Every structure is written in structure tokens, then in C-alpha cells.
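Undergrad: All residue numbers in the sequence shown are consecutive under our numbering, ending with 304.
One structure coming up, written as C-alpha cells, with questions to follow.
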Amino acid sequence: MLDKKNQRYNLISYQVQDKGLTLKKILLDKLNMSVRFINKMKKDRNILVNSKYQTLSYETKIGDLIQIKIDEESNHFEPQDLNIQVLYEDFDIMMISKPPYMVVHPTKSHIDKTIANGIMFYLKDKSEEPRIRFVNRLDMNTSGLLIVAKNAYAHHLLSQDMKENKVTKKYIAIVKGVIKEDSGTIDQPIYREEDSIKRVVDERGQKSVSHFKVIERLENSTIVEVLLETGRTHQIRVHLSHLGYPIIGDEIYGYVDEELIKRQALHAYKLDFNQPRTKEILNLKAELPDDMKELIEKLKGEK
């Protein structure tokens, strides 16, 4: 049994409720730990039963308290006050509402002022020094929800759920043109062109599936919700463009008019998933950013 009040970002606590289970069986089947993670914890002697180190073959008893200490060095990103918006936080994860024009973590071309720098500042005054990992990624000019894991355990479980399509990912896009169908599915493979960041629909590509639903039709454009079944790079942008409805503001695949908006009108607005440790269902939403609200008002004014 996992008691939420005894969980920490760097400590997993579990009280045994079943007879005759080995420690290894509990770690694998009850806590869904990977063999790699278990072996690292074993090597570091960080697996304790009733405050004593035990081998994986130890036969547990009902009431035993298993504790797994997660010792990880914190990231060395420079803390910067970037007013990062944290929508949800617990011992395993943080949910961030990413603004447009901000990179997720430092790169050679963006060495600071990233989401990662902002998170390090946010954590500065807390009694936590986790090693943060991003579970999902968004393009610099896409806004919306980011899942940040505070430990390797949570990152592994959420990444597995992502691969197995157990995370519901919904986006709002504003496209050029009026989509006639109320809803539909785009099942087209996406291929990366050689020596280019650009992706195209091509039979040589990876299977890619997007489901769309019209939210509102405007004079010469459409507000559409997109549910991702797969998670290819630029998937929504490529699929909508292939359908004949490019995203407004998209410099690579879309329709550019800087009087309307200065970036692609794409927002990751909803994520539904299981909390990695407790398995409770989390439903998170990120409000549409101001530039997309303003775009809608401009488009409604077209006659």
C-alpha cells in the first residue's frame, strides 16, 4: 500500500499487504519498477525493509515497510526567474504551462531562459533538489502543457505510458480554411526529409495518426481540436497541412501572416494520465494563451 503522505520525490514508501511475496516481486509487480532501476537501487544499497538493507530474494511479511531511496544529482541549470506557471505538483511530477517562444531546456543555440532554468528557480526555495526530466516536448513556438518528472522512476513509468498510448494528448489549432467534416482521422505516415528539419507525408515514413474535431468554423478559418494517437515530430502541423488546412502562423507548413499572429497557432491544452506512483487519474488543462485568443477575435472580425 502506498500512503501518499509518506511519499517524497527521493523516497518511495510501500507497506506490504500480501503474504509470501519476495522483495523483487513487489518491486516489479506492485511498484512497476524496471529491472534497470531495481539493479541501480540494489547496487547503491538503497532498498530498505523496516530500515534495513535487504536482498531482492528477501521474503516479505504483511506490515513490512519497504523504502527505496532515490539518490540523484540535481541538474546544473542556472536558476532564472522566468515566472514559470506550475499548474500541478506532487512528489513525482510538475505540470507546466509553457508560454510560446520559450525553449524547454538549454541547447547550444538557447543557453538560458528556458523552461528548465525557470523550474530550477521555482524549486530554489523548496526543500527539494530533484533531477528534472521532461516527459513530453513542445516546439519552441507551441504553447501548452509539459509534464516534468522529478525522478527516474516517474520518468520511466510516464514514458512507458506515452509509448503505450495511455496518455490522452489534446491540442487546439487554428487553421486557414473551413473544414467541412465535423470530425475525422488522419492516418498518414510521416517521413523526415534528408538534411532538413521538415517532415512530409510519405509512405517511407513512420505510422502517424491524428484525430480531429471541429470546435468552431469562422469566415475563412477553423478552430479545431486534435487528439494525438502517435507522437511524431511536427505531426499535427504536417497532418493538417496535408489535409489542406495549414496552421495559421506556421512558418514551415502553414499560412504566415504576422498581422494575425507571430507563431503557429497551436496549443497543447489537455492531458489526461495516471499519476505514476499512485495511479490516480490526473486531468490537466492549460488555458488558451492571449495571442491565440486575440487571433480568434481578429478572425471573427473578417467579413
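Backbone N, C-alpha and C fix where the C-beta goes; we use that ideal spot for every residue, glycine too.
A quick note: this is a predicted structure, and the numbers were derived from the prediction, not measured.
For Q86, does the three-state DSSP call read helix, strand or coil?
TA: The sequence position of residue 86 within the sequence shown is 85, counting from 1. It is a strand residue.
Undergrad: Would T143 be called buried (16 or more neighbouring beta carbons within 10 Å of its own) or exposed?
TA: As a first step, residue 143 must be located in the sequence shown, where it is residue number 142. Buried is the call here.
Undergrad: Rounded to whole angstroms, what is the Cα-Cα separation between S211 and L228?
TA: Counting from 1 along the sequence shown, the entry for residue 211 is found at position 210. Counting from 1 along the sequence shown, the entry for residue 228 is found at position 227. Looking at the two C-alpha atoms, the distance is approximately 6 Å.
Undergrad: DSSP on A150, reduced to helix/strand/coil?
TA: Position 149 of the sequence shown, counted from the start, is the residue given in the question as residue 150. The answer is strand: DSSP assigns A150 an E or B state.
Undergrad: Quick check: what's the CA-CA separation for Y123 versus E182?
TA: Numbered from its first residue, the sequence shown carries residue 123 at position 122. Numbered from its first residue, the sequence shown carries residue 182 at position 181. Between Y123 and E182, the C-alpha separation is close to 44 Å.
Undergrad: By the DSSP assignment, the beta strand (DSSP E) with G185 in it spans what residues?
TA: Mapped onto the sequence shown, residue 185 falls at position 184. Taken as a continuous stretch (DSSP letters only), the beta strand (DSSP E) holding G185 covers S184 to D188.
Undergrad: Between K31, N51, Q55 and D188, which lies nearest to M42 when the distance is taken from Cα to Cα?
TA: Along the sequence shown, read from residue 1 onward, the residue named residue 42 stands at position 41. Ranking K31, N51, Q55 and D188 by Cα distance to M42 puts Q55 first.
Undergrad: Which same chain residues, not among the five before or five after L285, have their C-beta less than 8 Å away from its C-beta?
TA: Here the question's residue 285 lines up with position 284 in the sequence shown. Cβ within range, chain order: L88, Y89, M96, L146, K271, L272 and D273.
Undergrad: Does the separation of the CB atoms of I152 and K70 fall below 8 Å?
TA: Walking along the sequence shown from the start, residue 152 turns up at place 151. Walking along the sequence shown from the start, residue 70 turns up at place 69. The residue you asked about is not Ile; residue 152 is Asn in the sequence shown. Cβ atoms of N152 and K70: not closer than 8 Å.
Undergrad: Can you tell me which of the three DSSP states G1 falls into?
TA: In the structure as shown, the chain starts at 2 and stops at 304, and residue 1 therefore has no counterpart that could be examined.
Undergrad: If we count the other Cβ atoms within 10 Å of its Cβ and call it buried at 16 or more, is T1 buried or exposed?
TA: Given a span of 2 to 304 for the chain in the structure shown, any question on residue 1 remains unanswerable.
Undergrad: Under the three-state reduction of DSSP, which class applies to L261: helix, strand or coil?
TA: Start at 1 with the first residue of the sequence shown, and residue 261 comes out as number 260. Coil, per DSSP.
Undergrad: Measure the C-alpha to C-alpha separation of Q276 and L158 and round it to an integer number of angstroms.
TA: Walking along the sequence shown from the start, residue 276 turns up at place 275. Walking along the sequence shown from the start, residue 158 turns up at place 157. Going from the Cα of Q276 to the Cα of L158 covers about 9 Å.
Undergrad: Roughly how many whole angstroms lie between the Cα atoms of I253 and K127?
TA: For the purposes of this step, residue 253 is taken as the residue at position 252 of the sequence shown. For the purposes of this step, residue 127 is taken as the residue at position 126 of the sequence shown. Each residue's alpha carbon lies about 41 Å from the other.
Undergrad: Could you tell me which whole beta strand (DSSP E) segments of length 3 or greater appear in the segment 186 to 230?
TA: Segments of the beta strand (DSSP E) lying fully in the segment 186 to 230: 191 to 193, 200 to 202, 210 to 218 and 222 to 229.
Undergrad: Give me the Cα-Cα distance between V176 and E194, rounded to the nearest whole angstrom.
TA: Position 175 of the sequence shown, counting from 1, holds the residue named residue 176. Position 193 of the sequence shown, counting from 1, holds the residue named residue 194. Using only the alpha carbons, I get a separation of about 24 Å.
Undergrad: Around the Cβ of N118, are there at least 16 other Cβ atoms within 10 angstroms (buried) or fewer (exposed)?
TA: Along the sequence shown, one-based indexing puts residue 118 at 117. Burial call: buried.
Undergrad: So that I know if they touch, is there some Cβ in chain B lying closer than 8 Å to that of T143?
TA: Within the model displayed, chain B is absent; a lone protein chain is all it includes.
Undergrad: Taking 8 Å as the threshold (C-beta atoms), are H243 and S209 in contact?
TA: The residue labelled residue 209 in the question sits at position 208 within the sequence shown. The residue labelled residue 243 in the question sits at position 242 within the sequence shown. The answer is no: Cβ separation not under 8 Å.
Undergrad: Under a three-way DSSP split, which group does E60 fall into?
TA: Within the sequence shown, residue 60 is the residue found at index 59, counting from 1. Here E60 sits in strand by DSSP.
Undergrad: Which residue's Cα is closest to the Cα of I191: I237, V179 and K171?
TA: As a first step, residue 191 is located in the sequence shown; it is residue number 190 there, counting from the start. It is I237.
Undergrad: Can you tell me which of Y15, D82, P290 and N51 puts its alpha carbon nearest to the alpha carbon of Y172?
TA: As a first step, residue 172 is located in the sequence shown; it is residue number 171 there, counting from the start. Closest by alpha carbon: P290.
Undergrad: Tell me whether K62 is buried or exposed, calling it buried when 16 or more other Cβ atoms sit within 10 Å of its Cβ.
TA: Taking the first residue of the sequence shown as 1, we reach residue 62 at position 61. Exposed is the call here.
Undergrad: From this set, T234, G64, Y154 and K263, which residue's C-alpha is nearest L22's C-alpha?
TA: To locate residue 22, count along the sequence shown from 1; it is residue 21. Closest by alpha carbon: G64.
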